[in-house]
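Chemist:
Number of protein chains: 2
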Amino acid sequence: MKRFELLATTMAAEIRSGSRPVGSRMPSVRHITAQHGVSQSTVFRAYYQLEEWGLIRARERSGYYVAPGAALEAQGQGQTPPAARPPLAVESAKVKISELVFSVLEAAKHPDVAPLGSAFPSPQLFPLQRLAKSLGHASRLISPWSTVVDLPPGNEALRRQISLRYLGMGIAQPMDQLVVTNGALEALNLCLMAVTRPGDVVAIESPGFYAALQAIERLDLRAVEIPVDPVTGLDLAALEEALGRHPIKACWFMTQFQNPTGAALAEDRKKALVELLARHDVPLIEDDVYGELHHTAAHPLPAKAFDTHGRVMHCSSFSKTLAPGYRIGWVAAGRYAEKVQRLKLMTTLSASIPAQAAIADYLQHGGYDKHLRKLRGALRTQLSAMDAALLRYLPEGAHWTLPEGGYFLWLELPRHVDAMALHRLALEKGIGMAPGPIFSARHEFRDHVRLNFGHPWSDAMENAVKTLGELIAQGSR
Amino acid sequence: MKRFELLATTMAAEIRSGSRPVGSRMPSVRHITAQHGVSQSTVFRAYYQLEEWGLIRARERSGYYVAPGAALEAQGQGQTPPAARPPLAVESAKVKISELVFSVLEAAKHPDVAPLGSAFPSPQLFPLQRLAKSLGHASRLISPWSTVVDLPPGNEALRRQISLRYLGMGIAQPMDQLVVTNGALEALNLCLMAVTRPGDVVAIESPGFYAALQAIERLDLRAVEIPVDPVTGLDLAALEEALGRHPIKACWFMTQFQNPTGAALAEDRKKALVELLARHDVPLIEDDVYGELHHTAAHPLPAKAFDTHGRVMHCSSFSKTLAPGYRIGWVAAGRYAEKVQRLKLMTTLSASIPAQAAIADYLQHGGYDKHLRKLRGALRTQLSAMDAALLRYLPEGAHWTLPEGGYFLWLELPRHVDAMALHRLALEKGIGMAPGPIFSARHEFRDHVRLNFGHPWSDAMENAVKTLGELIAQGSR
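Keeping their order, the protein sequence lines are chains A and B. Quick note: the first sequence uses my numbering, first residue 1, plus one each step. Quick note: the second sequence uses my numbering, first residue 1001, plus one each step.
(1) Quick one: using the 10 Å Cβ neighbour count with 16 as the cut-off for buried, is T1296/B buried or exposed?
(2) Kindly indicate the opening and closing residues of the alpha helix (DSSP H) around P227/A.
(3) Which of helix, strand or coil does DSSP assign to R160/A?
(4) On a Cα-Cα basis, can you pick out the residue from E470/A, G136/A, F453/A that is closest to P121/A?
(5) Near L236/A, what residues of its chain come up, given a Cβ to Cβ distance below 8 Å and the 5 sequence neighbours on each side ignored?
(6) Measure the C-alpha to C-alpha separation of F1257/B and T1181/B and round it to an integer number of angstroms.
(7) Roughly how many angstroms lie between the CA atoms of L1394/B and L1468/B, to the nearest whole one?
(8) Should H1314/B be listed as close to the ligand ATP, given that the test is whether its C-beta is under 7 Å from any heavy atom?
(9) Strictly below 7 Å CB to CB, what residues from chain A border W1145/B?
(10) Determine the chain A residues that contact D1176/B at a beta-carbon separation under 9 Å, and present them in chain order.
(11) I'd like to know whether the C-beta of Q1214/B is nearer than 8 Å to at least one C-beta of chain A.
(12) Could you work out which residues of chain A lie near M1026/B, taking near to mean beta carbons separated by less than 9 Å?
(13) Let me know the secondary structure DSSP gives K1320/B once reduced to three states.
(14) Using a Cβ-Cβ cutoff of less than 6 Å, which residues in the same chain neighbour A46/A once the five nearest sequence positions on both sides are dropped?
(15) Are there 16 or more other CB atoms within 10 angstroms of the CB of V1029/B, so buried, or fewer, so exposed?
(16) Using DSSP with H/G/I as helix, E/B as strand and the rest coil, what is S1206/B?
(17) Quick check for students: name the residue ranges of the alpha helix (DSSP H) that lie wholly in the region 1327-1406 of chain B, counting only runs of 4 or more.
(18) Closest to L219/A by C-alpha separation, out of R1222/B, R1197/B, H1299/B, would be which residue?
(19) By the 10 Å Cβ neighbour count, where 16 or more other Cβ atoms means buried, how is K1133/B classified, buried or exposed?
(20) Taking 7 Å as the limit between beta carbons, can you name the residues of its chain near E292/A, skipping five residues before and five after?
(21) Let me confirm a value: A212/A is counted as buried when at least 16 other C-beta atoms fall within 10 Å, else exposed. Which label applies?
(22) Considering only the alpha carbon of each residue, which of S24/A, K2/A, W53/A lies closest to S39/A?
(23) Which class does L1102/B belong to by DSSP, given the choice of helix, strand or coil?
(24) Can you confirm whether the region 1394-1407 of chain B touches the region 1163-1182 of chain B when touching is taken to mean that 3 or more C-beta pairs between the two stretches lie within less than 8 Å?
(25) Mind checking if G325/A is an interface residue toward chain B, Cβ cutoff 8 Å exclusive?
(26) With K1133/B as the anchor, note down where its alpha helix (DSSP H) starts and where it stops.
(27) Identify each residue in the region 1133-1144 of chain B for which the Cβ-Cβ distance to at least one residue of chain A is less than 8 Å, and report them in chain order.
(28) When the distance is taken between beta carbons, is A1223/B closer than 8 Å to L1192/B?
(29) What residues in its chain sit with their C-beta under 7 Å from that of G430/A, if we drop five residues either side in the sequence?
(30) Would you mind telling me which residues of chain A sit closer than 9 Å to R1450/B, beta carbon to beta carbon, in chain order?
(31) According to DSSP, is P1111/B helix, strand or coil?
(32) Could you give the DSSP three-state label for L243/A: helix, strand or coil?
(33) Does DSSP classify N1155/B as helix, strand or coil?
(34) Smallest Cα separation from V1195/B: which of R1311/B, A1266/B, L1167/B, F1306/B?
(35) Name, please, each residue of chain B whose Cβ falls closer than 8 Å to the Cβ of R342/A.
(36) Does chain A have any CB closer than 8 Å to the CB of S1350/B?
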């Protein structure tokens, strides 16, 4: 054990024993140096280690303090009382969601928590070593001048590969309308900025991806929530009614394997959606990050395939299918491409150039389609295992439908079981989940939770579902 | 020559000869397939090649068209008539700058243009091969779970290395206040969003970095411009007056080797700046991307070093010193760290994880300080060469001061020479430059241009300065 590790371990024991209470100031570096006869740098490294362990916290210019214990008690922040289900087309409303979402996300970060609440599939399902090879290869070949040339719209080889994938679906996608972004999240945010001004009304899904709610809150927009059915997807009649009643400036919808419900719009309904929005001259921001993860044999077409006027901004990424950490996404932005490019230039300039080049190399040489087939198979198997476990352990009154793609299952709880309470109880048992209220501007869906089946099935997963079943049974008594 | 290349070359000749006029529709893929007896994929590849050469353009769902020729004529867009110099502390104003900046930036992208207008130093000055090694090494070691753990605030090893560099300047910078971003540009934008609301007044420099102007325009803020002297830097008296007259919510200043003037605030003036802002309880967004590029022996301290209350958000990056394309920057965000982290989570989630890990590895093992010494020496030598060339070729009436760091020289033109006109004339001769008006909310500084000396001196650079001298001499007659 190195000297700093010994020092850190000693001090950790003092803290854990309570002899250094929460909130108390840690001794100064000078003091420890003298007391233990070690160098200043040893003390710094020991304090870094203690900070890493979550035992102390730095306060600027004031030193280190003993950190508060596990902060799970704080999860309830931002709750609101249960609300009634929304009418078909609701009034537009300001949004206040971030606190609740952050407290839930923060809890799920802990590595010991069963990842039923995760937003990602297991990274073990991705060809990370093959990608590292592409990264090494591509980074050695990068032209020094690519810094300038790969500014938005992005690396040309990558945009060509993406364009070819559209062509594979029968969609002619001009390369100059493709903007490479830091993941789909940036693409979605840039698109929303490109077509709205503060105060504008935006149609979103209910339940829907919390990032849409956060963006609306952050940009001072107003939301109209359109109901989503877990089987048939977006309620087009409700959307049509809302378009007649509100000055909607943009729609942000997930047409395939929607987050959190897993619902997919049938192709004829996607076509009807695009035509409806064309009649009202309203742009569609299509979040399609799960489209490649269909469990069916055929690749479903996104709404973008039916867009004849460039009004659909089709956003996707490699984060859910290949390379979560590379942060490479894109948007096929149609008539808004130049505006999106400029917003990208002004806010983050460009996506990481070696990461872009690595993904281009992988798409050309790495066997992406083969990997996707394997990944789809794994997700389909895991869904089946989770379905079986839910059938085995969940009490009567719990309902779910099997999605045809993605890795989310939208679970309706038995009556009287509250999703936020269940979330807190489950976390105490080391099980994560995404409670319904984080998917709604008004914290609705307190009778639903989203479960992630993107992780290889294991005894730990089986036990997590079993415990979940027990908690639900207790709560519904 | 491959089949598609042959086809592309043939069609390029047709276009260049004028037999396919600008704006005319290119033949359909089916037509070419039949005419030339080649496969559809050959035609697609040929058309991609022609598109790459800038000879044709795709229009969505309509096919390819012959592209307009070099678009240099369009540079003048967004000009306004010359304006008088601002009073000491000006009124706050809405900003409209983007069109002008984009037209200038777009022109500078062309690889044949002499890079006197570039915003970056030459990428040849960076250890790109050593970095590629770090990238390969780091990407093989990345934990699959880092996707979750490296969410903001960012990769821990990288934040530790950055924290150690602050410690090297005598600044104790807690790691948990460091947020890793997609370059300094994102850091600056997130900081501005964290402390302002639409309509708020922000103090910026005049002349100043155009990204500050663009952010103010994009976020519907109002600007108060504080004059910057090319030698002594920011006018603190003018700032104090402005703080008394306007409800300033934030300052965005570049304290070291300011863009475009190259000015640096002396340390006592940085301390006075921090104290002045503390008295008014106004946060400082300190853009310090050039601080490491001092030509002097000692490393100057940023304003952050004098910040005892966490009100300074110190933004920097590796883009100007090490790895332009990696897009890794950070902010030491003091009391605003949590807010900045959350904004990052909501807008782009995280910086590219292999890029973060690569820079952490390089900082630990790559010899960053040795590289920086070499880079500083190269910039100092290039400044001297440019100074000599300017003395040789520029007519009387041109003035400049030698900056003590960075790679920008702020050139005052002789009377009657207009920077925008000079910019257009120089571009026609293949010389880039950054005209003064892009550094001002009201397009002032028509008698200044910013020159980049970040590129190794060469005959081409010498000739570019010579031509510049001739153009200026003609213009001032």
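Glycine residues also receive a C-beta, built at the ideal position from the N, C-alpha and C atoms.
Modeler: Let me spell this out:
(1) Locating residue 1296/B in the second sequence gives position 296, where the first residue counts as 1. Per the 10 Å Cβ criterion, exposed.
(2) Taking the first residue of the first sequence as position 1, residue 227/A is located at position 227. That residue, P227/A, is in no alpha helix (DSSP H); its beta strand (DSSP E) goes 222-229.
(3) For this step, residue 160/A is matched to residue 160 along the first sequence. Three-state result, R160/A: helix.
(4) As a working mapping, residue 121/A is identified with position 121 in the first sequence. Of the listed residues, the one whose Cα sits closest to P121/A is F453/A.
(5) Within the first sequence, residue 236/A is the residue found at index 236, counting from 1. Closer than 8 Å at the Cβ level, and outside the excluded window around L236/A, lie R269, A272, L273, L276.
(6) Here residue 1257/B refers to the residue found at position 257 of the second sequence. Here residue 1181/B refers to the residue found at position 181 of the second sequence. So the two alpha carbons sit approximately 22 Å from each other.
(7) Indexing the second sequence from 1 puts residue 1394/B at position 394. Indexing the second sequence from 1 puts residue 1468/B at position 468. Answer to the nearest angstrom: the Cα atoms are 8 Å apart.
(8) Ligands displayed in this structure: none; no statement on the ligand ATP is therefore possible.
(9) Indexing the second sequence from 1 puts residue 1145/B at position 145. Result: P111, P123.
(10) Position 176 of the second sequence, counting from 1, holds the residue named residue 1176/B. By Cβ distance, chain A contributes E51, R57, A58.
(11) To locate residue 1214/B, count along the second sequence from 1; it is residue 214. So, interface residue.
(12) The sequence position of residue 1026/B within the second sequence is 26, counting from 1. Going along chain A, no residue has its Cβ under 9 Å from M1026/B, so there is no contact; the nearest lies around 13 Å.
(13) Your numbering for residue 1320/B matches position 320 in the second sequence. Reduced to three states, the DSSP call for K1320/B is coil.
(14) Counting from 1 along the first sequence, the entry for residue 46/A is found at position 46. Cβ within range, chain order: F4, L7, A8.
(15) Taking the first residue of the second sequence as 1, we reach residue 1029/B at position 29. V1029/B should be labelled buried.
(16) Position 206 of the second sequence, counted from the start, is the residue given in the question as residue 1206/B. Note: S1206/B maps to strand in three-state DSSP.
(17) 1337-1347, 1353-1365, 1368-1393
(18) Against the first sequence, residue 219/A aligns to sequence position 219. The shortest Cα separation from L219/A among R1222/B, R1197/B, H1299/B belongs to R1197/B.
(19) Along the second sequence, read from residue 1 onward, the residue named residue 1133/B stands at position 133. K1133/B should be labelled buried.
(20) Here residue 292/A refers to the residue found at position 292 when the first sequence is read from its first residue. So the list reads T321, L372, once near-sequence residues are dropped.
(21) Locating residue 212/A in the first sequence gives position 212, where the first residue counts as 1. Buried, by the Cβ-count rule.
(22) As a position in the first sequence, residue 39/A is number 39, starting the count at 1. Closest by alpha carbon: K2/A.
(23) Position 102 of the second sequence holds residue 1102/B. The sequence shown places Phe at residue 1102/B, not Leu. Residue state, collapsed to three classes: helix.
(24) no
(25) Mapped onto the first sequence, residue 325/A falls at position 325. Yes, G325/A lies at the interface with chain B (some Cβ there is under 8 Å from its Cβ).
(26) For the purposes of this step, residue 1133/B is taken as residue 133 along the second sequence, with counting starting at 1. Element bounds for K1133/B: 1128-1141.
(27) L1135, G1136, S1139, R1140, I1142, P1144
(28) Here the question's residue 1192/B lines up with position 192 in the second sequence. Here the question's residue 1223/B lines up with position 223 in the second sequence. Cβ distance not < 8 Å, so L1192/B and A1223/B don't count as in contact.
(29) Indexing the first sequence from 1 puts residue 430/A at position 430. Cβ neighbours of G430/A beyond the five flanking positions: D112, V113, A114.
(30) Against the second sequence, residue 1450/B aligns to sequence position 450. Those do not exist, as R1450/B stays about 17 Å from chain A at its closest Cβ, beyond 9 Å.
(31) Translated into positions along the second sequence, residue 1111/B becomes position 111. P1111/B falls in the coil class under three-state DSSP.
(32) If you number the first sequence from 1, residue 243/A lands on position 243. In the structure shown, L243/A sits in a helix (DSSP, three-state: H, G or I).
(33) Mapped onto the second sequence, residue 1155/B falls at position 155. Here N1155/B sits in coil by DSSP.
(34) Looking up residue 1195/B in the second sequence gives position 195. The shortest Cα separation from V1195/B among R1311/B, A1266/B, L1167/B, F1306/B belongs to R1311/B.
(35) Against the first sequence, residue 342/A aligns to sequence position 342. Those are S1098, F1102, listed as they occur along chain B.
(36) For this step, residue 1350/B is matched to residue 350 along the second sequence. Chain A contact via Cβ: present.
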